[in-house]
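All remarks here apply to the structure that follows.
In mature numbering (1 follows the signal peptide of the UniProt record, and there is no 0), the protein residues as written are -20 to -1, 1 to 124.
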C-alpha cells in the first residue's frame, strides 16, 4: 500500500511540469484567439450595449487567467501575448482595468516586467507602465 502511495506521489510530481506547460500554451492560444477588434472603444460619449460589455468581460477574464498562469510559470510567448492584449484593452477601456489585472505579474518581478515593456513601442510601453504603477499605488494607498 505504501509503495502505491509513493508511486502516485512521484508520478504526480513528474506530471506537474507537463500540466503547467499545457496550461500556459492553452492561455497563449486563448489570448491569440480573442477578437479584440470587436471590443468597442469606450469613452464618455459611448454607451456600451450588453453584448459589448460581455465581449469586454471575456477579454478581461482571459487576460486574468493568463496572468495567473504567468505568475506561476511564465514564458516569453505568454508574456508577449499578455502585453499585446493589455495594450489593446488599455486603449479601449478608460477605466484602465487591464493595468489592475497585470499587476500581480508586475509585483512578482518588476525588473523582468519593465524589461519586457522595451519590446513594445515607446507609447505603448508608457501606457502599460503608467497603468500598472497607478494600480500599484491604488493597491498600496487606496483609491483617493
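Glycine included, C-beta positions come from ideal geometry on N, C-alpha and C. Owing to the predicted nature of the structure, the values given are computational and were not obtained by experimental measurement.
Where residue i falls: helix, strand or coil (DSSP)
i, result
"residue 125", "Since the first and last residues shown for the chain are -20 and 124, residue 125 lies out of range."
"residue 90", "helix"
"residue 26", "coil"
"residue 53", "coil"
"residue -10", "Its pLDDT being 48, under 50, residue -10 is placed unreliably by the model, and the measurement read from it follows with that caveat. If DSSP states are grouped into helix, strand and coil, residue -10 belongs with the helices."
"residue 110", "helix"
"residue 59", "helix"
"residue 39", "helix"
Under 7 Å between C-beta atoms of residue i and residue j
i, j, result
"residue 86", "residue 51", "no"
"residue 70", "residue 60", "no"
"residue 83", "residue 114", "no"
"residue 72", "residue 21", "yes"
"residue 55", "residue 108", "no"
"residue 57", "residue 81", "no"
Host alpha helix (DSSP H) of residue i (start-end)
i, result
"residue 79", "77 to 81"
| task | Would you be able to state if there are at least three C-beta pairs under 8 Å between the stretch 29 to 45 and the stretch 91 to 100? | result | no
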